[in-house]
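Step one of this worksheet: look at the structure below.
In our numbering, the protein residues as written are 4 to 208.
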């Protein structure tokens with residue numbers, strides 16, 4: 004398949020050890036008998052021909068069939084991970100997701116990716132809780148402004164948006180793909196893990 008103006012790669016941000024989770028790598032936490040990383044990767048494999056894993060511990064991810072890279076800028080920030088994914092991607096757009104989202108649904112990914120159009124820099128879900136920058140599409144045309152923000156130590160992703168063409172996806176469209184919006188749930192703390200485990204035990208997932 005050739006690369007079109009709206010072709011998209013999948014980027015998984017897999018940082019590394021997590022201080023809020025006793026130094027454990029959240030990607031390898033098991034929920035419902037599966038590692039979170041396996042769940043995220045398998046969904047990506049159903050959607051994307053090219054998958055990139057951005058991590059500061061590349062050796063930990065060699066078992067997955069993906070392009071693996073460490074951050075170009077050695078700063079611990081989601082923005083540097085997105086920048087690195089865009090830099091290495093073979094397509095003009097990337098869909099970015101964190102590795103700690105055990106309930107990501109391919110329907111949500113397709114809802115976002117299907118709204119890519121030429122000239123758009125960002126396609127991003129927006130719920131009543133705000134935008135979801137780690138479940139969004141970014142264009143390679145953003146690389147210069149990303150690099151400038153990183154060098155200026157402005158790491159909040161949304162601070163770039165006023166300079167760009169941003170397309171938001173409203174909550175009602177998102178709920179058609181994921182009624183409970185569980186795709187946006189991520190594991191930050193042991194309490195989050197317990198909530199996820201309970202949902203699975205109650206067969207809510």
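C-beta: ideal position from N, C-alpha, C; glycine also.
### Message
Which complete beta strand (DSSP E) runs does the region 145-187 hold, if anything under 3 residues is left out?
### Response
169-172
### Query
Beta carbon of residue 45: closer than 7 Å to some heavy atom of the ligand SAM?
You won't find the ligand SAM in this model; it holds no ligand whatsoever.
### C-alpha gap between residue 182 and residue 9, whole angstroms
Here residue 182 refers to the residue found at position 179 of the chain shown. Here residue 9 refers to the residue found at position 6 of the chain shown. Straight-line Cα distance between these residues: approximately 27 Å.
### Query
Exposed or buried, what is residue 162 when buried is set at 16 or more other beta-carbons lying within 10 Å of its beta-carbon?
As a first step, residue 162 must be located in the chain shown, where it is residue number 159. Under this definition residue 162 is an exposed residue.
### Message
Taking 7 Å as the limit between beta carbons, can you name the residues of its chain near residue 31, skipping five residues before and five after?
### Response
Numbered from 1 along the chain shown, position 28 holds the residue referred to as residue 31. Contacts found: 38, 40.
#### Entry: Candidates 123, 128, 105, 103: closest to residue 114 by CA position
Reading the chain shown from its first residue, position 111 is the one you call residue 114. If we check each option's Cα against that of residue 114, 128 comes out closest.
### Message
Checking 8 Å against the spacing of the C-beta atoms, do residue 88 and residue 99 come in under that value?
### Response
As a first step, residue 88 is located in the chain shown; it is residue number 85 there, counting from the start. As a first step, residue 99 is located in the chain shown; it is residue number 96 there, counting from the start. Their beta carbons are under 8 Å apart, which means residue 88 touches residue 99 by this criterion.
### Message
So, at 7 Å on beta carbons, what are the nonlocal neighbours of residue 90 in its own chain, with the 5 sequence-adjacent residues on each side left out?
### Response
In the chain shown, residue 90 corresponds to position 87, counting from 1. Taken in chain order, the residues that qualify are 75, 146.
#### Entry: Residue(s) in a DSSP beta bridge with residue 97
Translated into the one-based positions of the chain shown, residue 97 becomes position 94. According to DSSP, which records beta bridges pairwise, residue 97 is partnered with 12, 141.
### Query
Thinking C-alpha only, which one of 167, 135, 158, 154 is nearest residue 143?
As a working mapping, residue 143 is identified with position 140 in the chain shown. If we check each option's Cα against that of residue 143, 167 comes out closest.
### Query
What is the DSSP secondary structure of residue 84, counted as helix, strand or coil?
Here the question's residue 84 lines up with position 81 in the chain shown. In this structure, residue 84 counts as helix in the three-state DSSP scheme.
### Task
Please confirm if the region 94-110 is in contact with the region 147-160, defined as three or more CB-CB distances below 8 Å between the two stretches.
no
#### Entry: Limits of the unbroken alpha helix (DSSP H) element including residue 128
Locating residue 128 in the chain shown gives position 125, where the first residue counts as 1. Element bounds for residue 128: not the alpha helix (DSSP H) but the beta strand (DSSP E), 125-130.
#### Entry: Where the alpha helix (DSSP H) through residue 42 begins and ends
By 1-based counting over the chain shown, the position of residue 42 is 39. Residues 39-50.
### Message
Alpha carbons only, please: which of 92, 188, 15, 177 is nearest the one belonging to residue 110?
### Response
For the purposes of this step, residue 110 is taken as residue 107 along the chain shown, with counting starting at 1. Considering only alpha carbons, the answer is 177.
### Task
Tell whether a beta-carbon distance below 8 Å holds between residue 196 and residue 104.
Position 193 of the chain shown, counted from the start, is the residue given in the question as residue 196. Position 101 of the chain shown, counted from the start, is the residue given in the question as residue 104. Not closer than 8 Å, so no.
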